[in-house]
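Here is the structure we will look at.
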Amino acid sequence: MVFLFVVSMLGIVMFSVWSFNKQLEKLKQEHEIEIKKATAEARKDAKKRSAAVQWGKSIEHFVPFMSDFPIPAEDVTFLGMPIDYVGFTNTASKTQCGVHFVEVKSGNSILMGKQKNIKKAIEEGRVYWHEISVEGNTEK
Numbered sequence: 029m030v031f032l033f034v035v036s037m038l039g040i041v042m043f044s045v046w047s048f049n050k051q052l053e054k055l056k057q058e059h060e061i062e063i064k065k066a067t068a069e070a071r072k073d074a075k076k077r078s079a080a081v082q083w084g085k086s087i088e089h090f091v092p093f094m095s096d097f098p099i100p101a102e103d104v105t106f107l108g109m110p111i112d113y114v115g116f117t118n119t120a121s122k123t124q125c126g127v128h129f130v131e132v133k134s135g136n137s138i139l140m141g142k143q144k145n146i147k148k149a150i151e152e153g154r155v156y157w158h159e160i161s162v163e164g165n166t167e168k
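Numbering (the numbering used here), first residue to last: 29 to 168.
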């Protein structure tokens, strides 16, 4: 009688373990499918973003030749980072000479933190001139 009880209890425990393992395996398979879907989606998104960035970096070299660019193309210098262009207007005039900072954005892109800080510094007039002299390579 005790033997039958132990055997039946052991059977119940073994069935429970088997059932638990089955559920665990099913959850594992579902999780692997979710990971594969998420990975595929992340790769697709990364490719899309990368293409947008590459297009933006390419097009910003041509923007000075557009009709609505605020400075003649021959008067700007490409910096790239953190601001795309610096330009100069009316350089022959002592009172009308202007310095322009131009940032090019495409699509849904927005100013990065550094760019926002630079914009604010310019707007608040925290712009400085530094002139550094070095000895030239001259014969004595």
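Ideal Cβ placement from N, Cα and C applies to all residues, glycine included.
task = State the Cα-Cα distance for the pair residue 115 and residue 97, rounded to the nearest angstrom.
result = 11 Å
request  = Kindly indicate which three-state DSSP category residue 90 falls into: helix, strand or coil?
outcome  = coil
inquiry  = Please list the terminal residues of the continuous alpha helix (DSSP H) segment that includes residue 153.
reply    = It is not in any alpha helix (DSSP H) - residue 153 carries neither H nor E in the DSSP assignment.
task = Look up residue 123 in the DSSP assignment and say whether it is helix, strand or coil.
result = coil
ask   = Based on Cα-Cα distance, which residue from 130, 166, 165, 135 lies nearest to residue 150?
value = 130
key: Where the beta strand (DSSP E) through residue 108 begins and ends   = Per DSSP, residue 108 belongs to no beta strand (DSSP E) and is neither H nor E.
message = Once the 5 residues before and after residue 140 are set aside, which same chain residues still bring their CB inside 8 Å of it?
response = 110
task = Use the C-beta contact count for residue 162: other C-beta atoms within 10 angstroms, 16 or more gives buried, fewer gives exposed.
result = exposed
task = Reducing DSSP to helix, strand and coil, say where residue 67 ends up.
result = helix
query = Can the beta-carbon of residue 92 be found less than 8 Å from the beta-carbon of residue 81?
reply = no
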